[in-house]
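**Student:** Take the sequence shown: its letter number 73 is residue 254 in our numbering, and every next letter is one higher.
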Amino acid sequence: MYLAAGHSGLISPRAVRSSACQDHSRLHNRLDVVEKKVEETVEKLEAELAILLDAIDAPEWRPLLDKSGKPSVDILDGPEDASHT
182 MYLAAGHSGL ISPRAVRSSA CQDHSRLHNR LDVVEKKVEE TVEKLEAELA ILLDAIDAPE
242 WRPLLDKSGK PSVDILDGPE DASHT
């Protein structure tokens with residue numbers, strides 16, 4: 182029918198194009214929602230990481246991070262071994 186009217190067979194009817202555009206818009210809307218959730222999650226993780234780094238940098242943890250060559254705490258020692266050092 183479209184060919185008889187002089188249209189090539191490549192042009193879709195208006196309803197099909199409209200439906201495809203709506204699907205495309207819905208897909209972009211869903212991607213926007215996912216992107217926003219990812220950004221919010223990254224922000225939360227960055228904040229938690231900053232808190233953890235601050236806690237590690239606190240004075241009570243500094244002896245554990247001593248770089249003198251010998252660890253000040255051996256995690257493989259049992260409680261009875263740690264009391265003898």
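Here a beta-carbon is modelled for each residue, glycine too, at the ideal position from N, C-alpha and C.
Note that the coordinates shown come from a computational prediction; the quantities given were computed from them, not determined experimentally.
Classify Met182: buried if its beta carbon has 16 or more other beta carbons within 10 angstroms, exposed otherwise.
**Tutor:** Unreliable placement is indicated for Met182, whose pLDDT of 44 sits below 50; no coordinate value is reported for it.
**Student:** Using the three-state DSSP reduction, which class does Ala201 fall into: helix, strand or coil?
**Tutor:** Looking at Ala201 - three-state DSSP - the assignment turns out to be helix.
**Student:** Which of the three DSSP states is assigned to Ala236 in this structure?
**Tutor:** Of the three classes helix, strand and coil, the one that applies to Ala236 here is helix, per DSSP.
**Student:** Measure the C-alpha to C-alpha separation of Ala231 and Asp213 and round it to an integer number of angstroms.
**Tutor:** Straight-line Cα distance between these residues: approximately 27 Å.
**Student:** What is the DSSP secondary structure of Asp213, counted as helix, strand or coil?
**Tutor:** Helix, per DSSP.
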